Every structure is written in structure tokens, then in C-alpha cells.
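Sequential numbering from 1 applies to the sequence shown in UniProt numbering.
Have a look at the structure below before the remarks.
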Amino acid sequence: MHQLHKGVFKDHLFKWVLTVPLYQGLCIFKKGLSSITQWTGNKYWQMEKVFVGIVSSLYPDEPCVIAASCAILDFIYLAHYPSYTTSSLQAMNKALKAFHDNKQVFVDYRLHSHFNIPKLHWLQHYVASIINFAKQASQASN
Numbered sequence: 001m002h003q004l005h006k007g008v009f010k011d012h013l014f015k016w017v018l019t020v021p022l023y024q025g026l027c028i029f030k031k032g033l034s035s036i037t038q039w040t041g042n043k044y045w046q047m048e049k050v051f052v053g054i055v056s057s058l059y060p061d062e063p064c065v066i067a068a069s070c071a072i073l074d075f076i077y078l079a080h081y082p083s084y085t086t087s088s089l090q091a092m093n094k095a096l097k098a099f100h101d102n103k104q105v106f107v108d109y110r111l112h113s114h115f116n117i118p119k120l121h122w123l124q125h126y127v128a129s130i131i132n133f134a135k136q137a138s139q140a141s142n
């Protein structure tokens with residue numbers, strides 16, 4: 001999960017968003033984001049909760065930015081499920097496909113020069129890893 005929150009969300013998706021609209025209950029980073037030396041899971045969750053709203057206000061006429069952001073967050077949230085069904089695994093694949101279908105907009109805005117990013121590449125192996133982990137557990141003898 002750390003890879004999803006830090007590697008995908010913070011390092012590659014959130015990096016270019018610098019302002020957060022105020023709302024009740026919002027975690028305020030008074031010294032900015034660059035002053036945070038160690039991110040906790042709670043800080044990631046706080047930022048992820050408002051990210052789509054921020055993106056929507058910054059890029060209201062860019063549906064691909066919003067779609068890619070929603071898709072990667074959907075994937076991250078689905079990866080947190082305590083157990084999986086065929087439907088939830090299909091939803092993970094669908095979210096990942098939606099991200100890949102829309103990610104070019106980040107290159108177009110020069111937010112990334114490419115998407116040869118190992119942490120993003122690894123996402124395509126999540127569903128297979130979940131299935132393989134479940135198979136190994138079911139084959140273990142007690």
C-alpha cells in the first residue's frame with residue numbers, strides 16, 4: 001500500500017498540485033508539503049480525499065485530467081479491500097485501464113515527459129498478484 005500512496009499518488013500524481021481549497025475538517029499543511037519529511041498513511045488519506053476536487057477546480061475543462069485522477073484513486077481505494085471478488089478485481093482492472101486511457105494529458109501538460117515509471121508499471125501486476133497470493137494460501141496445508 002505504501003507504494004500506491006507514496007509512489008503513485010504523492011510522487012507522481014499529487015506532485016504538481018500545490019493549493020487545497022479550504023473546507024471543514026481539512027488537514028492544513030501550514031508549512032506546505034515540502035516541509036513534510038515523513039508522510040504517514042493518514043496524511044496520504046487526507047490528501048487523497050480532496051485531490052479530485054482540487055483537480056476539478058484547476059482543470060474544469062480537461063475531462064482527461066479528472067478521469068485519470070479519479071481512476072488512479074479508485075485503483076488505490078480498491079487495493080485496500082480486505083478481500084476480493086471477481087467483481088472487485090474487474091473494477092481494479094477497469095480503473096487501471098481508465099487511467100492509462102487518460103494519462104497522456106499529463107504528458108501534454110508537461111507534468112511528465114513519459115510514463116516509463118516502474119511504480120506505475122507495477123500496477124498492472126496487482127490483480128495477478130492478488131490472485132496468486134490467494135492460490136498460494138489455499139494450497140497451504142494445515
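The C-beta atom is built at its ideal place from N, Cα and C for all residues, glycine as well.
It should be emphasised that the depicted structure is a prediction, and the values quoted were computed from it without experimental measurement.
Among the options, which residue has its Cα nearest to the Cα of residue i?
{"i": "M47", "options": "V107, L123, L73, N102", "result": "L73"}
{"i": "K49", "options": "Q124, Y126, I76", "result": "I76"}
{"i": "A128", "options": "V105, T85, N102", "result": "T85"}
{"i": "Q89", "options": "S57, I130, E62", "result": "A quick correction: the sequence has Leu, not Gln, at residue 89. Nearest C-alpha to L89: I130."}
{"i": "A71", "options": "Y109, A95, A134, L123", "result": "A95"}
{"i": "P63", "options": "N102, S83, N42, P82", "result": "N102"}
Any idea what DSSP makes of residue i, helix, strand or coil?
{"i": "E48", "result": "helix"}
{"i": "D108", "result": "helix"}
{"i": "P63", "result": "helix"}
{"i": "P118", "result": "helix"}
{"i": "Y126", "result": "helix"}
{"i": "S69", "result": "helix"}
{"i": "H80", "result": "coil"}
Given this structure, state the Cα-to-Cα distance separating residue i from residue j, to the nearest angstrom.
{"i": "N116", "j": "H100", "result": "12 angstroms"}
{"i": "S87", "j": "Q136", "result": "21 angstroms"}
{"i": "Y59", "j": "Q104", "result": "15 angstroms"}
{"i": "Y109", "j": "T40", "result": "29 angstroms"}
{"i": "V107", "j": "N42", "result": "29 angstroms"}
{"i": "L120", "j": "Q139", "result": "30 angstroms"}
Does the beta-carbon distance from residue i to residue j come in below 8 angstroms?
{"i": "A67", "j": "A98", "result": "yes"}
{"i": "Y126", "j": "M92", "result": "yes"}
{"i": "V65", "j": "V55", "result": "yes"}
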